[in-house]
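Step one of this worksheet: look at the structure below.
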Amino acid sequence: MGLLMDDFAHGKNKTALPSPVTQFDWDTKIAELLPDDWKLMDEWASSEANMYIVGSHIVSTYAGMPYMDFVKARIWEPLDMSETTFHADEASQDGKLTQTWTKFGRRIPIWFPEEQLPLHAGPGGVISNVIDMAKWVAMLLNSGTNPVTNETILPMSVLTEVTSAHTIVHARAPSPEFSISGYGMGWFRESYQGHELISHSGGIPGISTEVCFLPSERLGVVILSNADNKHSSELAIIYRIIEDFLGLDRKASVEYMSTTSSQPLSGKPLPQESMSPRPLTLPLNDYAGTYVSPGYPNITLCASSSSTEDCEDVINDFKSFDDVSSSPMLYARLPNSISISHVRLRQKHGDSFALSATNLFPHGYGLDESPFETWDPTSQEATAEFVVEEADISNKSPRRVLGLGLMDLSGELTERRRLNSVEQRSEVWFTKL
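1 is the number of the first residue of the sequence shown in our numbering; add one for each residue after it.
Here it is in structure tokens:
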């Protein structure tokens, strides 16, 4: 994004800005750049969108080429990152593409479906190795310039902007060895035992990554793991390298290794505590059905008693993991989702449900055909609140579910909580067909 802004600043842009926008910088509003695409007419929409996806779309719109071609032409080729790609089929041609695994040792599919590539290329689509990533970090340590060719890859103004802390992540240091930490545009910035470091972690199903560099010490570390949730182990390695390279006391590496050794290896989420909920307004099966919302795929919720063919398939998926016959829950399959396959909705109280995302493999994967489940341990439960039409004694028709609102998707409270109706308070509203 910074490269594209630099092109506009120096008159090298391929595409004109829409009227009346005259300047493209970090203060330019997304709604102004994408006037025809920004259809979520909601003042909170910018905070709910995945900004990596939006960013890659902006690049594709104004660079005169697709985002993936832009990255290849402006970064990978000048740095001779010849083994880096967005395409899993390209990466597998030389036989070096790794298999991917859960944290508890089950193999899972490679997470780079070609049909979803334009969508996930921005937030997590790069396939690389430590040799090519070392070239990337060497450029960052050399003020944005390729140390081999002396070609400027990232203008210093861009590098400074994206690595500067624009928001506070941890307002209090976790221990005396660390400073408070801030977050820039994809990079965390903090100090450890008096040495400033910049880092970024990455994770998709079956992959965990950490990139860290210390600008003043000209030290960079890249760790790529082909398994879920290995960040504690990777951080233990990174801090041990920093400590030994700079002659520091071994503190953070020991702490992270202790955290790693205490983590349970389990393939199933821990059960939630029961809340003795208030009863539902209607029978559970009345909440099952298809829900629609502009800008989002339809979602079909199924109860254990649902009789449609699609719902029977969904319930069969869960039978290896849940006692669906006695469980007061709703289930759904998300076939077009990037990183999850199914969701559970567990009643909390009244018509409010806790929504949790997961990945189910009811028939296993690879040679092991036994069922297993995996999920993102950092994900938070969202809230799904249903709205049932008001009772009307003059109308003898049965009451029905009107829709549901999804809340807590961003993991934090928002000003919308002060609003009255569920539809107003929700971050996404779905209408029941």
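Every residue, glycine too, gets a C-beta built ideally from N, C-alpha and C.
Three-way DSSP call (helix, strand, coil) for residue i in this model
i, result
"residue 163", "helix"
"residue 171", "coil"
"residue 431", "strand"
"residue 355", "strand"
"residue 189", "strand"
"residue 196", "strand"
"residue 299", "strand"
"residue 407", "strand"
"residue 225", "strand"
"residue 110", "coil"
"residue 61", "helix"
"residue 391", "coil"
"residue 347", "strand"
"residue 210", "strand"
"residue 2", "helix"
"residue 94", "coil"
"residue 232", "helix"
"residue 385", "strand"
"residue 73", "helix"
"residue 317", "helix"
"residue 332", "strand"
"residue 401", "strand"
"residue 322", "coil"
Nearest-angstrom beta carbon gap, residue j and residue i [assumed within contact, 8 Å]
i, j, result
"residue 162", "residue 222", "About 18 Å separates the two Cβ atoms, so there is no contact after all."
"residue 81", "residue 143", "Their Cβ separation, rounded to whole angstroms, is 19 Å, which puts residue 81 and residue 143 out of contact at 8 Å."
"residue 248", "residue 193", "5 Å"
"residue 141", "residue 250", "The pair is not a contact, with the Cβ atoms about 24 Å apart (cut-off 8 Å)."
Burial state of residue i, where buried means 16 or more other Cβ atoms lie within 10 Å
i, result
"residue 156", "exposed"
"residue 90", "exposed"
"residue 289", "buried"
"residue 309", "exposed"
"residue 167", "exposed"
"residue 41", "Because the pLDDT at residue 41 is just 43, under 50, the model does not fix this residue reliably, and the point stays unresolved."
"residue 397", "exposed"
"residue 15", "exposed"
"residue 187", "buried"
"residue 4", "buried"
"residue 10", "exposed"
"residue 326", "exposed"
"residue 84", "buried"
Straight-line gap, residue i to residue j (C-alpha atoms, nearest Å)
i, j, result
"residue 374", "residue 150", "45 Å"
"residue 404", "residue 170", "34 Å"
"residue 407", "residue 431", "15 Å"
"residue 18", "residue 120", "26 Å"
"residue 195", "residue 319", "52 Å"
"residue 291", "residue 384", "12 Å"
"residue 421", "residue 75", "48 Å"
"residue 178", "residue 191", "6 Å"
"residue 154", "residue 131", "20 Å"
"residue 323", "residue 337", "25 Å"
"residue 232", "residue 390", "50 Å"
"residue 339", "residue 116", "11 Å"
"residue 358", "residue 241", "35 Å"
"residue 33", "residue 1", "13 Å"
"residue 125", "residue 86", "6 Å"
Per DSSP, cross-strand counterpart(s) of residue i
i, result
"residue 375", "DSSP lists no partner for residue 375."
"residue 178", "192"
"residue 360", "373"
"residue 292", "431"
"residue 201", "210"
"residue 219", "214"
Proximity test, residue i beta-carbon vs the ligand ATP heavy atom, cut-off 6 Å
i, result
"residue 379", "This structure lacks the ligand ATP, and indeed carries no ligand of any kind."
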